[in-house]
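> Below is the structure I would like to discuss, written out as structure tokens.
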Amino acid sequence: MRTSRTFSGLLRAGLAGLVAAAGLFTAGTLPAHAADTPLRDLAAAQGKVIGTAVTGSKLTGTYGDLAGSQFSSLTPGNAMKWGTVEPTQGTFNWTEADQIVAFAQAHNQQVRGHTLVWHSQNPSWLTNGTWTSAQLSSLLQNHISTEVGRYKGEIAAWDVVNEPFNEDGTYRSTLWYNGLGSGYIANALTWAHAADPAAKLYINDYNVEGVNAKSDALYNLVKSLKAAGVPIDGVGLQAHLILGQVPSTLQQNIQRFADLGVDVAITELDVRMALPADSTKLAQQKADFKSVVAACVAVSRCVNVTVWGFSDSDSWVDSTFPGYGAATPYDANYAPKPAYYGISEALGGTTTTPPTGACTAAYSVSNQWTTGFTGQVTISCSGAALSSWKVSWTYGAGQQITQAWNATCTQSGADVSCANASYNGTVADGSSVTFGFNASWSGSNPVPSVTLG
Ligand code: XIL
Numbered sequence: 001m002r003t004s005r006t007f008s009g010l011l012r013a014g015l016a017g018l019v020a021a022a023g024l025f026t027a028g029t030l031p032a033h034a035a036d037t038p039l040r041d042l043a044a045a046q047g048k049v050i051g052t053a054v055t056g057s058k059l060t061g062t063y064g065d066l067a068g069s070q071f072s073s074l075t076p077g078n079a080m081k082w083g084t085v086e087p088t089q090g091t092f093n094w095t096e097a098d099q100i101v102a103f104a105q106a107h108n109q110q111v112r113g114h115t116l117v118w119h120s121q122n123p124s125w126l127t128n129g130t131w132t133s134a135q136l137s138s139l140l141q142n143h144i145s146t147e148v149g150r151y152k153g154e155i156a157a158w159d160v161v162n163e164p165f166n167e168d169g170t171y172r173s174t175l176w177y178n179g180l181g182s183g184y185i186a187n188a189l190t191w192a193h194a195a196d197p198a199a200k201l202y203i204n205d206y207n208v209e210g211v212n213a214k215s216d217a218l219y220n221l222v223k224s225l226k227a228a229g230v231p232i233d234g235v236g237l238q239a240h241l242i243l244g245q246v247p248s249t250l251q252q253n254i255q256r257f258a259d260l261g262v263d264v265a266i267t268e269l270d271v272r273m274a275l276p277a278d279s280t281k282l283a284q285q286k287a288d289f290k291s292v293v294a295a296c297v298a299v300s301r302c303v304n305v306t307v308w309g310f311s312d313s314d315s316w317v318d319s320t321f322p323g324y325g326a327a328t329p330y331d332a333n334y335a336p337k338p339a340y341y342g343i344s345e346a347l348g349g350t351t352t353t354p355p356t357g358a359c360t361a362a363y364s365v366s367n368q369w370t371t372g373f374t375g376q377v378t379i380s381c382s383g384a385a386l387s388s389w390k391v392s393w394t395y396g397a398g399q400q401i402t403q404a405w406n407a408t409c410t411q412s413g414a415d416v417s418c419a420n421a422s423y424n425g426t427v428a429d430g431s432s433v434t435f436g437f438n439a440s441w442s443g444s445n446p447v448p449s450v451t452l453g
């Protein structure tokens, strides 16, 4: 049961600096983000699936609303990895994986299972153990049979093998390759197919987006697996990219895999930039997201584009690449960034926000009890800035503000108006300000549309 929803008021700010300096805003009929066609609908019209990696515990509130409404595929970011599902040998924990699968089913979404055979995020009992080849092989077979079997019929595609190659195209030295040789790949695919014949089976890697030594190795592997009759259905190009560095051969590379008779998915798209973000970088990031999605749209066997986290609040980038961040299509307050509109435009959508940036206000209910609730509004600027602000809305069900902090709020009848406090009128480009309030409600507590003006 979702308890809060967010609608955004959008402030056009093409001449952001000038307007912000003057502190002049006109409230009026501004387009709301809620009116933009969801990415999943745009993707469906192109015959594509658009996905995101998710964290199970976050699938409520605004995060849950966006994950459910904008995307048609979910990939558990960590929940299906071996170290998560079997932390102690023989003791399984499917809680988060089950939760994500259930959420996906409730929202009519596919699930990409991630991942069965990898060198990373394995349980310590496995990596610290001493195993004969036969034992290792049987451990892997059991793992694959157990996990794929558990979700039989519920997973559209599995990243069966993750990151098998080095940058030069040789096989990566891992527990699996060292113990079993390269044959572990064909075996893993065969075991996965036996456990769920309907699931599409993928090999997934990074730095294989363009034509290079590593993608050549992957290409040759897929070709030989196909020739040997091994069940291989697709190739996953992770696409953890750096700003301005979308490979020029991306579409050509997607096409050559498609021509082998396999599907292609962009499985982990993000575009990281050196922090802090600014409007120039955000515009480049929009172009980058747009060109990646356009390359997939251009190849019929490219079936899915998945972003590795949809919000800058839920990205692996900041902790993995120090000094880099802002890698996803929504900012940390769930306001869509220019990159969101890059995806949308590549999927045939029409952008209603100026590419130069915007400031938005998002309302959410953070806590609710029988007679009252606590709400908050976050004003975020991306490619624009404010020197003062006022947010207004009209309550539709008799709600009454009783107290506010970090803003001065007045309510007249159903109309609420909140202006900045003396100390938080400035919202710099790339930053946000939040104010909160308590209010009473009875009967129902629908979320109002808010206007920033
Ligand atoms: C990342 C997760 O997002 C992080 O939360 C975790 O700490 C490390 O792994 N390639 C992959 C993903 O295939 O599984 C990785 O996910 C990112 C790189």
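My numbering applies: residue 1 is where the sequence shown begins, and numbers increase by one. Built from N, CA and C at the ideal position, the CB exists for glycine as well.
Is the region 243-258 touching the region 180-199, taking contact as three or more C-beta pairs under 8 Å?
Touching, no, given that fewer than three Cβ pairs across the two stretches are closer than 8 Å.
> Sort out for me which residues DSSP pairs Tyr171 with in a bridge.
The residue you call residue 171 lines up with position 171 of the sequence shown. Tyr171 pairs with Phe165.
> Can you determine whether any heavy atom of the ligand XIL sits closer than 6 Å to the C-beta of Asn108, and answer yes or no?
Translated into the one-based positions of the sequence shown, residue 108 becomes position 108. Outside the cutoff, so no.
> State the start and end residues of the unbroken alpha helix (DSSP H) segment that holds Gly64.
Locating residue 64 in the sequence shown gives position 64, counting from the first residue. Start and end: 61-70.
> Please work out which residues of its chain come closer than 8 Å, Cβ to Cβ, to Asn93, disregarding the five sequence neighbours upstream and downstream, and give them in chain order.
Within the sequence shown, the letter at position 93 stands for residue 93. Answer for Asn93: Thr84, Val85, Glu86, Pro87, listed in chain order.
> Going by Cα to Cα distance, which pick from Leu59, Ala295, Val262 is closest to Val246?
Residue 246 sits at position 246 when you count from the first residue of the sequence shown. Selected option, being the one with the closest Cα: Ala295.
> Contact check, Val208 vs Val160 under 8 Å by CB: the rounded distance?
On the sequence shown, position 208 is the one that residue 208 refers to. On the sequence shown, position 160 is the one that residue 160 refers to. Their Cβ separation, rounded to whole angstroms, is 16 Å, which puts Val208 and Val160 out of contact at 8 Å.
> Tell me whether Trp176, by its Cβ, gets closer than 6 Å to a heavy atom of the ligand XIL.
Along the sequence shown, read from residue 1 onward, the residue named residue 176 stands at position 176. No.
> Determine whether the beta carbon atoms of Leu66 and Ile100 lie at a separation below 7 Å.
By 1-based counting over the sequence shown, the position of residue 66 is 66. By 1-based counting over the sequence shown, the position of residue 100 is 100. Cβ atoms of Leu66 and Ile100: not closer than 7 Å.
> Between Thr52 and Asp263, what straight-line distance do the alpha-carbon atoms span, to the nearest angstrom?
Translated into the one-based positions of the sequence shown, residue 52 becomes position 52. Translated into the one-based positions of the sequence shown, residue 263 becomes position 263. The straight-line gap from Cα to Cα measures roughly 18 Å.
> Less than 8 Å between the CB atoms is what I'm expecting for Ser387 and Thr374, so what's the real figure, rounded?
Counting from 1 along the sequence shown, the entry for residue 387 is found at position 387. Counting from 1 along the sequence shown, the entry for residue 374 is found at position 374. Rounded, the Cβ-Cβ distance is 28 Å, inconsistent with contact.
> Between which two residues does the alpha helix (DSSP H) carrying Asp233 extend?
In the sequence shown, residue 233 corresponds to position 233, counting from 1. Segment: none, Asp233 is in no alpha helix (DSSP H) and carries neither H nor E.
> Alpha carbon to alpha carbon, what distance is there between Tyr63 and Gly234?
Here residue 234 refers to the residue found at position 234 of the sequence shown. Here residue 63 refers to the residue found at position 63 of the sequence shown. When rounded, the distance between both Cα atoms is 29 Å.
> Can you grab the Cα-Cα spacing for the pair Arg301 / Val222, in whole Å?
Walking along the sequence shown from the start, residue 301 turns up at place 301. Walking along the sequence shown from the start, residue 222 turns up at place 222. When rounded, the distance between both Cα atoms is 15 Å.
> Short check: CB of Ala414 to CB of Thr434, under 7 Å?
Here residue 414 refers to the residue found at position 414 of the sequence shown. Here residue 434 refers to the residue found at position 434 of the sequence shown. Not closer than 7 Å, so no.
> From which residue to which residue does the beta strand (DSSP E) around Asn367 run?
Here residue 367 corresponds to residue number 367 of the sequence shown, with the count starting at 1. 358-368 is the span of the beta strand (DSSP E), which, as asked, contains Asn367.
> Using alpha carbons as the reference points, say which of Ala287, Ala362, Thr306, Leu275 lies closest to Pro322.
The count along the sequence shown starts at 1 and reaches residue 322 at position 322. Out of Ala287, Ala362, Thr306, Leu275, Leu275 has the C-alpha closest to the C-alpha of Pro322.
> With 16 as the cutoff for other CB atoms within 10 Å, does Gln135 come out buried or exposed?
Sequence index remark: in the sequence shown, residue 135 carries index 135 (1-based). Label assigned to Gln135: exposed.
> Taking Thr267 and Asn212 to be in contact with their CB atoms under 8 Å, please state how far apart those CB atoms are, rounded to whole angstroms.
Counting from 1 along the sequence shown, the entry for residue 267 is found at position 267. Counting from 1 along the sequence shown, the entry for residue 212 is found at position 212. Contact flag wrong, Cβ pair sits at about 18 Å.
> Please work out which residues of its chain come closer than 6 Å, Cβ to Cβ, to Val391, disregarding the five sequence neighbours upstream and downstream, and give them in chain order.
The sequence position of residue 391 within the sequence shown is 391, counting from 1. Only Ala361, Val377, Cys418, Val450, Leu452 meet the Cβ criterion.
> For Pro446, is the classification buried or exposed, using 16 other Cβ atoms within 10 angstroms of its Cβ as the cut-off for buried?
Taking the sequence shown and counting its residues from 1, the one referred to as residue 446 is at position 446. It counts as exposed.
> Kindly identify the DSSP beta-bridge partner or partners of Ile401.
For the purposes of this step, residue 401 is taken as residue 401 along the sequence shown, with counting starting at 1. DSSP lists Ala439 as partners of Ile401.
> Give every residue of the same chain whose Cβ lies closer than 8 Å to the Cβ of Leu243, excluding the five residues on either side of it in the sequence, and list them in chain order.
In the sequence shown, residue 243 corresponds to position 243, counting from 1. Cβ neighbours of Leu243 beyond the five flanking positions: Val271, Arg272, Met273, Ala274, Lys281, Gln284, Gln285, Asp288.
> So, is Gln238 buried or exposed, given that buried needs 16 or more other C-beta atoms within 10 angstroms?
Mapped onto the sequence shown, residue 238 falls at position 238. Per the 10 Å Cβ criterion, buried.
> Applying the 10 Å Cβ sphere with the 16-neighbour rule, what's the burial state of Ala21?
The residue labelled residue 21 in the question sits at position 21 within the sequence shown. For Ala21, the predicted structure reports a pLDDT of 28, less than 50, and the residue's modelled location is therefore unreliable. A value from the coordinates is still provided. By the 10 Å Cβ count, Ala21 comes out exposed.
> Using CA atoms only, rank isn't needed, just tell me which of Pro329, Ser173, Leu269, Ala188 is closest to Trp308.
To locate residue 308, count along the sequence shown from 1; it is residue 308. It is Leu269.
> Around the C-beta of Ala43, are 16 or more other C-beta atoms found within 10 angstroms, so that it is buried, or is it exposed?
Along the sequence shown, one-based indexing puts residue 43 at 43. Ala43 is buried by the Cβ-count criterion.
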